[in-house]
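Student: Residue numbers (the working numbering), protein chains in the order written: chain L, 1286 to 1418; chain R, 2 to 202.
1. Quick check on residue 77 of chain R: buried or exposed, where buried means 16 or more other Cβ atoms within 10 Å of its Cβ?
2. What number of angstroms, rounded off, separates the C-alpha of residue 58 of chain R from the C-alpha of residue 68 of chain R?
3. Determine the chain L residues that contact residue 143 of chain R at a beta-carbon separation under 8 angstroms, and present them in chain order.
4. Which residues in the same chain as residue 43 of chain R place their Cβ atom closer than 8 angstroms to its Cβ, once the five residues preceding and following it in sequence are excluded?
5. Between the beta-carbon of residue 134 of chain R and the beta-carbon of residue 195 of chain R, is there less than 8 angstroms?
6. Let me know the secondary structure DSSP gives residue 140 of chain R once reduced to three states.
7. Once the 5 residues before and after residue 1366 of chain L are set aside, which same chain residues still bring their CB inside 7 angstroms of it?
8. Could you pull out every unbroken alpha helix (DSSP H) segment of at least 4 residues lying fully inside the segment 69-118 of chain R, listed in chain order?
9. Starting from residue 1407 of chain L, trace the alpha helix (DSSP H) both ways and give me its first and last residue.
10. Which term fits residue 167 of chain R, buried or exposed, when burial requires 16 or more other beta carbons within 10 angstroms of its beta carbon?
11. Closest to residue 200 of chain R by CA distance: which of R:96, R:36 and R:121 is it?
12. Do residue 1306 of chain L and residue 107 of chain R have their beta-carbon atoms positioned less than 8 angstroms apart in this structure?
13. Taking the beta carbon of residue 79 of chain R as the centre, do at least 16 other beta carbons fall within 10 Å, making it buried, or is it exposed?
14. In angstroms with no decimal places, state the Cα-to-Cα distance between residue 1304 of chain L and residue 1403 of chain L.
15. Under three-state DSSP, which class holds residue 202 of chain R?
16. If you draw a straight line from the C-alpha of residue 1410 of chain L to the C-alpha of residue 1368 of chain L, how long is it?
17. Drop a sphere of 10 angstroms on the beta-carbon of residue 1382 of chain L, count the other beta-carbons inside from all chains shown, and report buried for 16 or more, exposed for fewer.
18. I think residue 94 of chain R touches residue 149 of chain R, with their Cβ atoms under 8 angstroms apart; what is that distance to the nearest whole Å?
19. Thinking residue 181 of chain R and residue 138 of chain R are a contact (beta carbons under 8 angstroms), I'd like their distance in whole angstroms, please.
20. Assign residue 23 of chain R to one of two classes, buried (16 or more other C-beta atoms within 10 Å of its C-beta) or exposed (fewer than that).
21. Rounded to the nearest angstrom, what separates residue 152 of chain R and residue 1408 of chain L at their Cα positions?
22. Run through DSSP, which three-state label would residue 168 of chain R get?
23. Any idea what DSSP makes of residue 121 of chain R, helix, strand or coil?
24. Residue 1289 of chain L by DSSP, collapsed to three states: which one?
25. Check for me: the alpha helix (DSSP H) holding residue 1353 of chain L runs from which residue to which?
26. Smallest Cα separation from residue 187 of chain R: which of R:156, R:126, R:39 and R:72?
27. Let me confirm a value: residue 1355 of chain L is counted as buried when at least 16 other C-beta atoms fall within 10 Å, else exposed. Which label applies?
28. Using 8 angstroms for Cβ pairs, my map puts residue 1310 of chain L next to residue 140 of chain R. What's the rounded Cβ distance?
29. Verify the CB distance criterion: does residue 188 of chain R have a CB-CB separation below 8 angstroms to chain L?
30. Hey, out of R:103, R:64, R:87 and R:175, whose CA is closest to residue 39 of chain R's CA?
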């Protein structure tokens, strides 16, 4: 198996997800009382920034199999949009409102983008253009 | 975690035959849809019994599957001959692609709603520390599952779909899948401890 040097997309994505999870735990552990949103917002911004880092890193990979990436990422995106939608539904149904809801929704958006990106990357990295069937 | 022995794989040119399969088993999608519709109805109804049913049933499946995969099936798979391993993988992994995200979503969504209904997720709850501990355990498991296990699951299926799958890639991805399933399985023991503590007050 020929191994190409690739950016640390998996590591960056896992760090991004960990930040989202920590932010979610921070909010959940305070409910239903007032939640100090500063730490959660900071974690969300950092997590979103890591999504951008991953996208930029991927755009700079030469001969990356984008066709395979999009094939996987779009369907994974649909699946994870459904799971994110379920969680969003629960939060809204429970009466979570205001800043807490905004941070939780944006966290779910980051999750629904980053996980499909990571799955698409993991598939495409083993499908070099030269050997595409 | 269980030790996994993965013997050296043959070259890509000697890739063994494998059964044809669908990466996403379309026949399972109606079942997944029915489960999710039931979950939405249970959350909308906000009644104890349906929420308990979804949370306990899905949670038990999630825990059992992780423990079984990581600690029982994983080591067996690692010791099987490569053709048998590939055949089992092509039959098992597409099903896992539907089962695990469904089971996890159902457990978490119904669990949150149940906690809201029973007041166990309120910060004033007497065992609040245990609840926060469960968030942390689930969070770590989610990061491992979403970052390592699920991408490996999908990637191994795409590799197996190739006309000439590379056994080295399959071996690498399956090793990753089995190790992460083992780690998550071990963490599920912590979930069992926390949930039984919360249930008994």
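Every residue, glycine too, gets a C-beta built ideally from N, C-alpha and C.
Tutor: This is what the structure gives:
1. As a working note, residue 77 of chain R is residue 76 in the second chain. Residue 77 of chain R should be labelled exposed.
2. Walking along the second chain from the start, residue 58 of chain R turns up at place 57. Walking along the second chain from the start, residue 68 of chain R turns up at place 67. If I take the Cα positions, the gap works out to 15 angstroms.
3. Residue mapping note: residue 143 of chain R aligns to position 142 of the second chain, counting from 1. Neighbours of residue 143 of chain R on chain L, chain order: 1302 and 1306.
4. Here residue 43 of chain R corresponds to residue number 42 of the second chain, with the count starting at 1. Excluding sequence neighbours, residue 43 of chain R sits near 51, 52, 54, 55, 111 and 114.
5. In the second chain, counting from the first residue as 1, residue 134 of chain R sits at position 133. In the second chain, counting from the first residue as 1, residue 195 of chain R sits at position 194. Yes, the pair counts as a contact, with Cβ atoms nearer than the cut-off.
6. Reading the second chain from its first residue, position 139 is the one you call residue 140 of chain R. DSSP places residue 140 of chain R in helix when its eight states are reduced to three.
7. Counting from 1 along the first chain, the entry for residue 1366 of chain L is found at position 81. The residues are 1397.
8. 75-80
9. Your numbering for residue 1407 of chain L matches position 122 in the first chain. It spans 1383-1410 - the alpha helix (DSSP H) in which residue 1407 of chain L sits, taken as one unbroken run.
10. The count along the second chain starts at 1 and reaches residue 167 of chain R at position 166. Residue 167 of chain R comes out buried.
11. Translated into the one-based positions of the second chain, residue 200 of chain R becomes position 199. When only C-alpha atoms are compared, the closest one is R:121.
12. Locating residue 107 of chain R in the second chain gives position 106, where the first residue counts as 1. Locating residue 1306 of chain L in the first chain gives position 21, where the first residue counts as 1. Cβ atoms of residue 107 of chain R and residue 1306 of chain L: not closer than 8 angstroms.
13. The residue you call residue 79 of chain R lines up with position 78 of the second chain. When all chains shown are included, residue 79 of chain R counts as buried.
14. What you label residue 1304 of chain L is simply residue 19 of the first chain in a count that begins at 1. What you label residue 1403 of chain L is simply residue 118 of the first chain in a count that begins at 1. Taking the straight line from one Cα to the other gives about 16 angstroms.
15. By 1-based counting over the second chain, the position of residue 202 of chain R is 201. It is coil, neither helix nor strand.
16. Looking up residue 1410 of chain L in the first chain gives position 125. Looking up residue 1368 of chain L in the first chain gives position 83. Going by the C-alpha atoms only, they are around 25 angstroms apart.
17. For the purposes of this step, residue 1382 of chain L is taken as residue 97 along the first chain, with counting starting at 1. So residue 1382 of chain L counts as exposed.
18. Looking up residue 94 of chain R in the second chain gives position 93. Looking up residue 149 of chain R in the second chain gives position 148. That belief does not hold up - the Cβ atoms of residue 94 of chain R and residue 149 of chain R are roughly 15 angstroms apart, past 8 angstroms.
19. Locating residue 181 of chain R in the second chain gives position 180, counting from the first residue. Locating residue 138 of chain R in the second chain gives position 137, counting from the first residue. For a cut-off of 8 angstroms, the C-beta gap from residue 181 of chain R to residue 138 of chain R is around 15 angstroms, too long to register as a contact.
20. By one-based count along the second chain, residue 23 of chain R stands at place 22. With fewer than 16 other Cβ atoms within 10 Å, it is exposed.
21. Locating residue 152 of chain R in the second chain gives position 151, counting from the first residue. Locating residue 1408 of chain L in the first chain gives position 123, counting from the first residue. In a straight line, the C-alpha of residue 152 of chain R is about 7 angstroms away from that of residue 1408 of chain L.
22. As a position in the second chain, residue 168 of chain R is number 167, starting the count at 1. Three-state DSSP puts residue 168 of chain R in a helix.
23. Indexing the second chain from 1 puts residue 121 of chain R at position 120. Residue 121 of chain R falls in the coil class under three-state DSSP.
24. Numbered from 1 along the first chain, position 4 holds the residue referred to as residue 1289 of chain L. Of the three classes helix, strand and coil, the one that applies to residue 1289 of chain L here is coil, per DSSP.
25. Here the question's residue 1353 of chain L lines up with position 68 in the first chain. First-last of the alpha helix (DSSP H) with residue 1353 of chain L: 1351-1378.
26. Mapped onto the second chain, residue 187 of chain R falls at position 186. Selected option, being the one with the closest Cα: R:72.
27. Mapped onto the first chain, residue 1355 of chain L falls at position 70. Looking at its Cβ environment, which holds fewer than 16 other Cβ atoms inside 10 Å, residue 1355 of chain L is exposed.
28. Locating residue 1310 of chain L in the first chain gives position 25, counting from the first residue. Locating residue 140 of chain R in the second chain gives position 139, counting from the first residue. Cβ atoms of residue 1310 of chain L and residue 140 of chain R come within 8 angstroms of each other, at about 6 angstroms.
29. Taking the first residue of the second chain as position 1, residue 188 of chain R is located at position 187. No, residue 188 of chain R does not count as interfacial toward chain L.
30. Counting from 1 along the second chain, the entry for residue 39 of chain R is found at position 38. Comparing Cα positions, the closest option is R:103.
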